[in-house]
Amino acid sequence: MPKCPYCGEEIDFLEPIEVVPGGALFPDGTYESPGPGATGSIIGYACPYCGEEIASTEEEALRFLNKED
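According to our numbering, the stretch in the sequence shown is residues 215 to 283, in order.
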């Protein structure tokens with residue numbers, strides 16, 4: 215099982231990093247919702263433990279997850 219290069223945890227999946235256009239974060243900590251039915255784009259894949267991005271494409275993510283240690 216591969217290990218995260220940032221935190222060292224063994225991981226068997228990566229979390230997609232998704233951007234949904236139309237939302238906003240304001241200085242007071244409140245959010246504006248992008249609205250119902252909004253869809254996003256996956257822009258990377260991150261460690262489920264530390265949240266650091268490990269891969270920027272699905273191909274890179276699969277290569278990382280399937281590598282032998």
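Every residue, glycine too, gets a C-beta built ideally from N, C-alpha and C. All values derive from a computational prediction rather than experimental measurement.
**Prompt:** Closest to F219 by CA distance: which of P248, Y263, G243, T244 is it?
**Reply:** As a position in the sequence shown, residue 219 is number 5, starting the count at 1. According to the sequence shown, residue 219 is Pro rather than Phe. With distances taken between Cα atoms, P219 lies closest to Y263.
**Asked** In this structure, what does DSSP give as the bridge partners for S255?
**Response** In the sequence shown, residue 255 corresponds to position 41, counting from 1. Partner(s): V233.
**Request:** Indicate whether the contact test is met: 3 or more Cβ pairs, each with one atom in the stretch 227 to 234 and one in the stretch 252 to 269, closer than 8 Å.
**Result:** Put simply, the stretch 227 to 234 touches the stretch 252 to 269. At least three CB pairs are less than 8 Å apart.
**Request:** Taking E273 as part of the alpha helix (DSSP H), name the residues at either end of that continuous run.
**Result:** Along the sequence shown, one-based indexing puts residue 273 at 59. From DSSP, the alpha helix (DSSP H) with E273 extends over 272 to 279.
**Request:** Mind checking which residues open and close the beta strand (DSSP E) that includes I268?
**Result:** Against the sequence shown, residue 268 aligns to sequence position 54. Unbroken beta strand (DSSP E) run through I268: 267 to 269.
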